[in-house]
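These notes concern the structure reproduced below.
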Amino acid sequence: MPGGFAEAVGALICCAVLIVITGFVPALGRLVSSIPKPIANALLAGVIVPLCLAPAISAGKVPYLILPLLLAWIVGFAWHKLAAMPVTIGAFIILVVLNLDPSHTGVTASAHGLPALEAIMPVFTLRGFISIAVPLYLVTMAGQNIPGFAVLDLGGYTYERQPLLRKTGLASLLIAPFGAIPVNMSAITAAMMSGEDAGRDPAQRYWAAVASGVAYVIIAFFSKPIVAFANIAPRDLITAVAGLALIPALVSSLSAAFADPGRVEAPALTFLFAASGMTMFGVSGAFWGTLVGVLVWSLKQWRRRAEDKTG
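And the structure:
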């Protein structure tokens, strides 16, 4: 953007403040909580379905890479449900190594550790607030937090939304000056960490999130060689692995979204808008899908109540 990274940092701070306000203002929290669960689940499905389509799409492009990956997933799944992804990851590493271009293997020993840190004074502008902070807030709420809460509902977890929004908002405010994106309920990650693949006992599944957090910290210290490895890995192969990992979450969210045969129109619209990848006025389809879905759901509820009164 015209103001550079400093203006972007200012916008990130403003976005974090908006999330904190949502966590402290009960009316805003109730607004988020009032979104029907089928809409929230349809939103989750719409967010993750593009990744879930990746294995099929990539198989049409590079079958010699994707078909062995799919075979590994099937073999692992046939052996044990929890073995599907570890076997797939192993096959992914082997395929990347076998398809290495000798001219791209130069990851030096010095290419690890933390990068150089440089202090940047944030710049706050109306343009940055309108064009970055507000859209990012809406996308974070509609594309990550609301589907993330839907994931917790699917898993049968007990939680309070307001404290979670306050904590993620404050954490976002703490890291925003470093140029970090907002901390959120992370729909995609939550879908993998809170499902049956993370353990049979729901009370012990938090260990998956702990392991994930430790892995993120380790990755941060070795980001350069890891990024270099990701750069030499075929992009279709990476997205295919992610898609296979999210299949259980997609099945669960779709089942919950369309469980009531009499109320499928609103979730369908939410799903289609979120999955389309469209953007309008700088805001992604996740927000517009939620808005349209809630509108149709509310109109149908109003019509049913009117019919009940007249009938």
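The numbers in the sequence shown follow the numbering used here, run straight up by one, and end at 614.
By construction, the Cβ of each residue, glycine as well, lies at the ideal position given by its N, Cα and C atoms.
Specify the secondary structure class of Thr461 as computed by DSSP and reduced to three states. coil
Taking C-beta to C-beta, are Ala545 and Leu354 nearer than 8 Å? yes
If you drop the 5 nearest sequence neighbours on each side, which residues of the same chain put their C-beta closer than 6 Å to that of Ala436? Ala314, Cys317, Cys318
Kindly indicate which three-state DSSP category Thr428 falls into: helix, strand or coil? coil
If we ignore side chains and look at the alpha-carbon of each, how far apart do Trp591 and Arg333 end up? 19 Å
In its own chain, which residues sit with a C-beta less than 8 Å from the C-beta of Val390, not counting the 5 before and 5 after it? Ala375, Trp376, Val378, Gly379, Trp382
With a Cβ-Cβ cutoff of 8 Å, do Asp357 and Thr593 count as a contact? Strictly speaking, residue 357 in this sequence is Ala, with Asp absent from that position. Against a cut-off of 8 Å, the Cβ pair of Thr593 and Ala357 comes out as no contact.
Pick from Ile491, Met583, Ala577, Pro570 that is closest to Trp600, judged by C-alpha positions: Pro570
Answer yes if the region 526-535 comes into contact with the region 558-565, meaning at least three C-beta pairs across the two stretches below 8 Å, and no otherwise. no
Is the region 470-486 in contact with the region 505-512, if contact means three or more CB pairs nearer than 8 Å? no
Residue of Met581, Ala589, Tyr367, Gln465 minimising C-alpha distance to Thr648: A question about residue 648 goes unanswered here, because the residues of the chain that appear run from 304 up to 614.
Could you check the C-alpha separation between Pro438 and Leu473 for me, to the nearest Å? 19 Å
With a threshold of 8 Å on Cβ separation, who are the neighbours of Phe308 within its own chain once the five nearest residues in sequence on each side are excluded? Ile423, Gly482
Measuring straight from C-alpha to C-alpha, what distance separates Asp500 and Ile521? 23 Å
Hey, which unbroken runs of the alpha helix (DSSP H) at 4 residues or more fall wholly within the region 522-572? 526-535, 538-548, 550-560
So, at 6 Å on beta carbons, what are the nonlocal neighbours of Ser555 in its own chain, with the 5 sequence-adjacent residues on each side left out? Leu457
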